[in-house]
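Residue numbers (mature numbering (1 follows the signal peptide of the UniProt record, and there is no 0)): -25 to -1, 1 to 275.
And the structure:
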């Protein structure tokens, strides 16, 4: 019962935060295989998740709006139980694509798991074919000197390795203010937003946490583009816009007889040809293809 109540609260909080959001990344979801996608679904969004291998701990998830193209989901082959990661590739215009990554690294992560995560980040460009990168998550590296852009000796081996990867890859980390607040502890910057071009992200805002979480909610504009699937259109003739008054005036002036049918036909054909000539004066490209039916009707 506790699991179901937690799931419902989780869904309610998400619904309240989904105004005009195309993408929502979550860390420390604490989801397990017995919680189905249907229990945490949001109308208009597709959910992708990577549950922790440590049962009720960690885990990441990503909600994508239905307006976005269908992504390619890369299978999770991470052998590091203390580092959860989710990788999706969303096609953009032409051959461009954006690689979306959501990462959660436990503060208890052992050196071997840290090494695997750093190696994965360092090999992103060679492992995946993408033009744009958006990497978000809780890396639990509070001493990373993101504002100074230089490694410090007291930051620890993982923090030093993470900042080195970001610098060597020419990436940009956009969050510069604390994102976690806990009573009795100093505020810390744990949640990161990383891109491979500085201008991809704009207006990073740190908002109040969801529910009882001590991590703030980060919102930002990710400046990218994609091709929407065109909606099918059906064209029909609108007979209501016909010139019925003109038809009546014309027909009232015509006196049909046995010998006048052919003359009327020739008059109609000449009138159509004159209308086409007037049209093609402004659009010469229509001349060749539009006159052929007229000549066939006048000279059968």
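From the three backbone atoms N, C-alpha and C, an ideal C-beta is built for every residue, glycine too.
All values derive from a computational prediction rather than experimental measurement.
Checklist entry - Roughly how many angstroms lie between the CA atoms of residue 308 and residue 58, to the nearest whole one? => result With the chain covering only -25 through 275, there is no way to say anything about residue 308.
Next on the checklist: For residue 83, which residues in the same chain have their Cβ closer than 7 Å to its Cβ, ignoring the five residues on either side in sequence?
Outcome noted: 57
Checklist entry - Relative to the C-alpha of residue 198, which residue among 10, 166 and 179 is closest? => result 179
Checklist entry - Taking buried to mean at least 16 other C-beta atoms within 10 Å of its own C-beta, is residue 102 buried or exposed? => result Exposed: under 16 other Cβ atoms inside 10 Å.
Checklist entry - Is it buried or exposed for residue 158, if we count other Cβ within 10 angstroms and need 16 for buried? => result Exposed, since its Cβ has fewer than 16 Cβ neighbours within 10 Å.
Next on the checklist: Between which two residues does the alpha helix (DSSP H) holding residue 90 run?
Outcome noted: 86 to 97
Checklist entry - Which residues does DSSP pair with residue -3 in a beta bridge? => result 39
Checklist entry - Are there 16 or more other CB atoms within 10 angstroms of the CB of residue 27, so buried, or fewer, so exposed? => result buried
Checklist entry - Between residue 163 and the rest of its own chain, which residues show a CB-CB distance below 6 Å, the 5 nearest in sequence each way excluded? => result 117, 153 and 155
Checklist entry - CB residue 114 to CB residue 165, shorter than 8 Å? => result yes
Checklist entry - What residue range is occupied by the uninterrupted alpha helix (DSSP H) comprising residue 211? => result It is not in any alpha helix (DSSP H) - residue 211 carries neither H nor E in the DSSP assignment.
Item to check | Simplified DSSP state of residue 138, which is helix, strand or coil | outcome: DSSP places residue 138 within a helical segment (H, G or I) once states are collapsed to three.
Checklist entry - Helix, strand or coil: which one does DSSP assign to residue 57? => result coil
Checklist entry - Does DSSP put residue 143 in a helix, in a strand, or in coil? => result helix
Checklist entry - In the DSSP assignment, what residue or residues form a beta bridge with residue 190? => result The partner list for residue 190 (beta bridge, DSSP) reads 155.
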